[in-house]
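Residue numbers (the numbering used here): 57 to 319. Here is the structure we will look at.
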Amino acid sequence: MADIKSKVLDKKTPPFERLTALMALLRSSEGCSWDRKQTHLSLLPYLIEETYEVIEAVESEDFTALREEIGDLLCQVVFHAQLASEEGHFVLDDSVTQLVEKLIARHPHVFGDKKELTPKEVSDQWEQIKIDSGEKKSVLGGVPSSMPALTMAYRIGEKAAGVGFDWNTAAEVVEKLDEEIAEIKDAFSSDDTDQALEEIGDLLFATASLSRKLGTDPELILKKALKKFRQRFEALEQHIRKSGQRFQDLNLDQLEAIWQEIK
57 MADIKSKVLD
67 KKTPPFERLT
77 ALMALLRSSE
87 GCSWDRKQTH
97 LSLLPYLIEE
107 TYEVIEAVES
117 EDFTALREEI
127 GDLLCQVVFH
137 AQLASEEGHF
147 VLDDSVTQLV
157 EKLIARHPHV
167 FGDKKELTPK
177 EVSDQWEQIK
187 IDSGEKKSVL
197 GGVPSSMPAL
207 TMAYRIGEKA
217 AGVGFDWNTA
227 AEVVEKLDEE
237 IAEIKDAFSS
247 DDTDQALEEI
257 GDLLFATASL
267 SRKLGTDPEL
277 ILKKALKKFR
287 QRFEALEQHI
297 RKSGQRFQDL
307 NLDQLEAIWQ
317 EIK
């Protein structure tokens, strides 16, 4: 174990090798009790958190933060690989080798017969290779059920579109939105809450499809809208505080007037 610690502390050791050695050390009897206690399941919240922090750094174009957050996310990947190695399932090199072979197989236009493909043709080819290889039985396979719902809607719609099951234009999706809104109104007029909720789900899926047709993940669009709402609401709070009032001192019309002024 002293050799591993020396490797970790030696800055001449290649960075990735230092990281894997560090993780092995932390998990050892000479390491850290917290790290030794962790399991694949207990680490999931940290994996999710680090993923979202990478997303936030990308969205804010903060490359100093992105450099750090990619490292934190990599730490989680290496942590899971270390656990798998200890349990005798696989080692990190197995994952890397499998990834490289997969990427080579998925890019026959690069490693096989050289030919220029459009990004859409590459994507369609990628999905077809997965089906032909037996990796998935359905076109919709490979979309994790744990994925955020709006992103899942985007990916499912994208995969269906890859085999031609899609609207031709964004305008057609807008017509679908009008149809779903009309169905929600009908359900409400009939006091059918269950039907209304089902139609709201259809509306959300159609909205995600419109976002996809416009080339953007609906999750990102919604986050942008929420950020805007949050900034305006905080400005509303500040305005009310400066006036010496409280929310309960104002009715909805007064709050709406301030809101419009802030906008």
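For every residue, glycine included, the Cβ atom is placed at its ideal position computed from N, Cα and C.
Would a C-beta distance cut-off of 9 Å place residue i and residue j closer than the cut-off?
{"i": "E115", "j": "K279", "result": "yes"}
{"i": "L206", "j": "E275", "result": "yes"}
{"i": "S189", "j": "G218", "result": "no"}
{"i": "V110", "j": "L99", "result": "no"}
{"i": "A264", "j": "E255", "result": "no"}
{"i": "S151", "j": "A161", "result": "no"}
{"i": "E259", "j": "I277", "result": "Here residue 259 is Leu; the residue named in the question, Glu, does not match the sequence. No, they are not a contact pair."}
{"i": "L282", "j": "L311", "result": "no"}
{"i": "L148", "j": "T95", "result": "no"}
{"i": "H165", "j": "K158", "result": "no"}
Between the Cα of residue i and the Cα atoms of the options, which residue gives the shortest distance?
{"i": "E214", "options": "F261, S62 and G257", "result": "F261"}
{"i": "F221", "options": "E177, V195, G144 and H145", "result": "V195"}
{"i": "A216", "options": "E312, Q184 and P204", "result": "Q184"}
{"i": "K61", "options": "G300, G87 and S202", "result": "G87"}
{"i": "R286", "options": "S245, K319, L159 and E142", "result": "K319"}
{"i": "L233", "options": "T107, H145, G257 and F135", "result": "G257"}
{"i": "P175", "options": "H163, E317 and F167", "result": "H163"}
Given residue i, which residues of its chain have a CB within under 7 Å of its CB, disregarding the five upstream and five downstream residues?
{"i": "E235", "result": "none"}
{"i": "R92", "result": "R83"}
{"i": "L103", "result": "Q132"}
{"i": "L253", "result": "none"}
{"i": "S299", "result": "none"}
What does a CB cutoff of less than 6 Å around residue i pick up in its chain, not counting 5 residues either side in sequence?
{"i": "A7", "result": "Absent from the structure is residue 7, since the part of the chain shown begins at 57 and ends at 319."}
{"i": "E239", "result": "E255"}
{"i": "K186", "result": "K192"}
{"i": "Q251", "result": "A243"}
{"i": "F146", "result": "A140"}
{"i": "Q181", "result": "none"}
{"i": "T69", "result": "K63"}
{"i": "F119", "result": "none"}
{"i": "D247", "result": "none"}
Give me the Cβ distance between residue i and residue j, rounded to the nearest whole Å; I'm assuming they're in contact under 8 Å.
{"i": "F289", "j": "I296", "result": "That belief does not hold up - the Cβ atoms of F289 and I296 are roughly 11 Å apart, past 8 Å."}
Just to confirm my understanding: we take residue i, look at its own chain, exclude 5 residues before and 5 after, and list those with CB closer than 8 Å. What are they?
{"i": "R211", "result": "V199 and M203"}
{"i": "L75", "result": "L130, C131 and V134"}
{"i": "D273", "result": "L206, T207, Y210 and S267"}
{"i": "T107", "result": "L129"}
Across the stretch 131-151 and the stretch 77-84, are there enough close Cβ pairs to call them in contact, namely three or more that are closer than 8 Å?
When Cβ pairs closer than 8 Å are counted between the two stretches, the stretch 131-151 is seen to touch the stretch 77-84, the count reaching three or more.
Fill in: At least 3 beta-carbon pairs within less than 8 Å: the stretch 224-234 vs the stretch 265-272
Flag = yes, the stretch 224-234 and the stretch 265-272 touch.
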